[in-house]
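Participant: Following this message is one structure expressed as structure tokens.
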Amino acid sequence: MAIMISTGWKSTWQTTRRSGAGTCLMKRNADDAKLRGVTPQILLRAYAAGIFPMADDADDPEIFWVQPDVRGVIPLDAFHVPRSLAKKVRQAPFDIRFNTAFAAVIGFCAEATENREKTWINRTIRELYRQLNEMKHAHSVEAWEGNELVGGLYGVTLGRAFFGESMFSRRTDASKICLVHLVERLRERGFILLDTQFTTGHLKQFGAIDVSQEEYQAMLEEALTGEARLD
1 MAIMISTGWK STWQTTRRSG AGTCLMKRNA DDAKLRGVTP QILLRAYAAG IFPMADDADD
61 PEIFWVQPDV RGVIPLDAFH VPRSLAKKVR QAPFDIRFNT AFAAVIGFCA EATENREKTW
121 INRTIRELYR QLNEMKHAHS VEAWEGNELV GGLYGVTLGR AFFGESMFSR RTDASKICLV
181 HLVERLRERG FILLDTQFTT GHLKQFGAID VSQEEYQAML EEALTGEARL D
């Protein structure tokens with residue numbers, strides 16, 4: 001049986017929220033989300049303002065709008081690949097694909113694991129991002145082993161920014177290899193901002209840093225000028 005290894009990009013959220021470093025701007029019940037205007041278009045406007053949604057738990061019907069006081073980013077010109085991982089990337093153990101199984105990727109990211117009892121991806125979030133995927137604003141990077149999806153990540157694109165949301169692995173280093181391929185494509189296609197929202201030990205090995213809200217807003221404003229396409 002495959003063992004799910006979660007390396008979600010927002011795994012620090014519970015600690016961040018308790019410490020007060022993340023600002024919860026609004027809480028709303030998903031049951032009347034349509035009545036209160038949560039749409040993919042509103043979601044894109046939120047990203048353009050530096051805001052994104054989360055839930056306390058995959059089974060919690062409520063979602064939060066979050067704007068961290070300290071933001072995690074990976075500077076694309078300083079992206080670092082550890083030597084052992086670079087060797088594995090060259091060995092090409094997986095078939096890396098883009099946008100062929102978005103729903104499956106976000107579904108795996110939403111699952112609880114041995115290392116993470118709760119996830120922040122509830123049903124409403126999954127549906128909103130599925131719609132963003134249809135609009136070509138949400139994308140998945142996938143690691144395949146034959147016909148089996150064994151790792152992946154997903155995120156949102158807007159302007160020249162990519163907002164990383166979550167990742168999962170069912171094989172060692174699968175999500176890391178997806179990240180390497182993502183960064184390669186971001187560079188090729190003219191993206192200038194890789195927003196990880198929070199930093200984790202997992203992401204720091206790739207060069208993730210914390211920036212202030214003021215610094216982040218300046219980076220975001222620049223990234224929203226011009227257009228870049230991931231696919």
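If you're matching positions, the sequence shown starts at 1 in full-length UniProt numbering and goes up one per residue.
For every residue, glycine included, the Cβ atom is placed at its ideal position computed from N, Cα and C.
Bear in mind that the values here come from a model prediction, so they are computed numbers and not experimental data.
1. Given that a residue counts as buried once 16 or more other Cβ atoms are within 10 Å of its Cβ, and exposed if not, what is LYS87?
2. Do you know how far the Cα of ARG189 is from the Cα of MET219?
3. By Cβ distance, which residues of its chain are closer than 7 Å to ARG229, with the 5 residues on each side in sequence left out?
4. Between the C-alpha atoms of PHE108 and GLY72, what's the straight-line distance to the nearest angstrom?
5. Taking all protein chains shown into account, decide if ASN133 is buried (16 or more other Cβ within 10 angstroms of its Cβ) or exposed.
6. Can you give the Cα-Cα distance for LEU158 and ILE192, rounded to whole angstroms?
7. Can you give me the C-alpha to C-alpha distance between ASP173 and VAL38, rounded to a whole angstrom?
8. Are the CB atoms of HIS139 and PHE98 nearer to each other than 8 Å?
9. Who does ALA95 pair with in a DSSP beta bridge?
10. By the three-class DSSP mapping on this structure, what secondary structure does LEU230 have?
11. Contact check, TYR47 vs VAL180 under 8 Å by CB: the rounded distance?
12. Strictly under 8 Å for the Cβ-Cβ distance: is PRO53 near chain B by that measure?
13. Going by the CB atoms, is the gap between ARG187 and LEU76 shorter than 8 Å?
14. Kindly list the residues whose CB is nearer than 8 Å to the CB of GLU227, restricted to its own chain and excluding five residues on each side of it in sequence; keep chain order.
15. Need the endpoints of the beta strand (DSSP E) that PHE163 sits in, please.
16. What residues are listed by DSSP as bridge partners for PHE198?
17. Are SER175 and LEU153 closer than 8 Å when you measure CB to CB?
Facilitator: In terms of the structure at hand:
1. Stepping through the sequence shown from its first residue, residue 87 is reached at position 87. With fewer than 16 other beta carbons inside 10 angstroms of its own, LYS87 counts as exposed.
2. Counted from its first residue, the sequence shown places residue 219 at position 219. Counted from its first residue, the sequence shown places residue 189 at position 189. Taking C-alpha positions only, MET219 is separated from ARG189 by approximately 18 Å.
3. The sequence position of residue 229 within the sequence shown is 229, counting from 1. Short of 7 Å from the beta carbon of ARG229, and not among the five residues preceding or following it, lie these beta carbons of its own chain, in chain order: ARG189.
4. To locate residue 108, count along the sequence shown from 1; it is residue 108. To locate residue 72, count along the sequence shown from 1; it is residue 72. Distance between the alpha carbons of PHE108 and GLY72: 23 Å.
5. The count along the sequence shown starts at 1 and reaches residue 133 at position 133. So ASN133 ends up on the buried side.
6. To locate residue 158, count along the sequence shown from 1; it is residue 158. To locate residue 192, count along the sequence shown from 1; it is residue 192. Straight-line Cα distance between these residues: approximately 11 Å.
7. Here residue 173 refers to the residue found at position 173 of the sequence shown. Here residue 38 refers to the residue found at position 38 of the sequence shown. ASP173 and VAL38: Cα-Cα distance of roughly 35 Å.
8. Along the sequence shown, read from residue 1 onward, the residue named residue 139 stands at position 139. Along the sequence shown, read from residue 1 onward, the residue named residue 98 stands at position 98. In this structure, PHE98 lies closer than 8 Å to HIS139 by Cβ.
9. Position 95 of the sequence shown holds residue 95. Correcting the residue type first, residue 95 is Asp in the shown sequence and not Ala. TRP144.
10. Here residue 230 refers to the residue found at position 230 when the sequence shown is read from its first residue. LEU230 carries a coil assignment under DSSP once its states are collapsed to helix, strand and coil.
11. Looking up residue 47 in the sequence shown gives position 47. Looking up residue 180 in the sequence shown gives position 180. Their Cβ separation, rounded to whole angstroms, is 24 Å, which puts TYR47 and VAL180 out of contact at 8 Å.
12. Protein chain content of the structure displayed is limited to a single chain, and chain B is not contained in it.
13. For this step, residue 76 is matched to residue 76 along the sequence shown. For this step, residue 187 is matched to residue 187 along the sequence shown. Taking 8 Å as the Cβ cut-off, LEU76 and ARG187 qualify as a contacting pair.
14. Here the question's residue 227 lines up with position 227 in the sequence shown. Taken in chain order, the residues that qualify are GLY159 and ARG160.
15. For this step, residue 163 is matched to residue 163 along the sequence shown. PHE163 -> beta strand (DSSP E) spans 161 to 169.
16. The residue given as residue 198 occupies position 198 in the sequence shown. For PHE198, which the question treats as bridged, DSSP gives no partner whatsoever.
17. Numbered from its first residue, the sequence shown carries residue 175 at position 175. Numbered from its first residue, the sequence shown carries residue 153 at position 153. Taking the C-beta atoms as reference points, LEU153 is found nearer than 8 Å to SER175.
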